[in-house]
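**Q** So in the numbering used here the end of the sequence shown lands on 172, straight run, no missing numbers.
Note that beta-carbon positions come from the ideal geometry of N, C-alpha and C, so glycine has one too.
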Amino acid sequence: MKWFKDEDFIRGEVPMTKFIKRNAIVSLLDVSEDDKILEIGTGTGSVTCQMAVICKEVTTIERNDEAIEVAKKNFEKFGLNNVKLIKGKAPEGMDGADFNKVYIGGSGKNLESIMDKLDEKNNFTVIASFIIFENAYEFKDLLKKRNYKNIDTYMINVSRAEKLEMMIAENPVIIVRGEKND
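Dropping the structure here:
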């Protein structure tokens, strides 16, 4: 399996989930070869690409035109034929999606309506990443109120040695995970 480095991706002005955080997300989602994943908030497609080299297929939804163009270039660059990109703002575009795992990387302030749509289905794992604490706790509360199981919350802090071996911190990311089993 290939582990994509940050410098492998075309970025433009679109924010990207960086290497350590991207792979923590993929690991915590426990992506495997038979998985069908629904991703909300494609961005550059860095998480999409890492999941797609492992799993059967990824359906990803993105609303930002620049992000869509950048993501398409990355999917093409890496020869990923198992990614379906839908232009829209979730929960639009989620109808008919076939999945057993969900990654929410950008909710566009629609967490509750996204969860309403997800709750139409049973037996899946959902993971979401946040840079704002309040949003992470809102999501965790939504999972609790909806009786999701095995709810976990993680905060990933990454620092890298730069010039003169000084450690430079990246912004932390909060990852919340839960399972719906009815």
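Following the continuous beta strand (DSSP E) through Asn140, name the residue where it begins and the one where it ends.
**A** Lys139 to Ile146 is the span of the beta strand (DSSP E), which, as asked, contains Asn140.
**Q** Ignore the nearest five residues each way along the sequence and tell me which others in Thr49's own chain have a CB closer than 6 Å to its CB.
**A** The answer, listed in chain order, is Leu28, Lys74 and Ala87.
**Q** Return yes when the Cβ of Asp172 is within less than 8 Å of the Cβ of Arg136, no when it is not.
**A** No, Cβ-Cβ distance for Arg136 and Asp172 is not below 8 Å.
**Q** Which one of Asn113, Phe114 and Ala118 has the shortest CA to CA distance from Gly98?
**A** Among Asn113, Phe114 and Ala118, the Cα nearest to that of Gly98 is on Ala118.
**Q** In the DSSP output, what is Thr49 paired with across the bridge?
**A** Paired residues: Leu28 and Lys74.
**Q** To the nearest angstrom, how far is it from the Cα of Val148 to the Cα of Tyr93?
**A** One C-alpha to the other measures close to 21 Å.
**Q** Are the CB atoms of Ile51 and Gly83 nearer to each other than 8 Å?
**A** Taking 8 Å as the Cβ cut-off, Ile51 and Gly83 qualify as a contacting pair.
**Q** Can you give the Cα-Cα distance for Arg150 and Ala14, rounded to whole angstroms?
**A** Roughly 16 Å separates the two Cα atoms.
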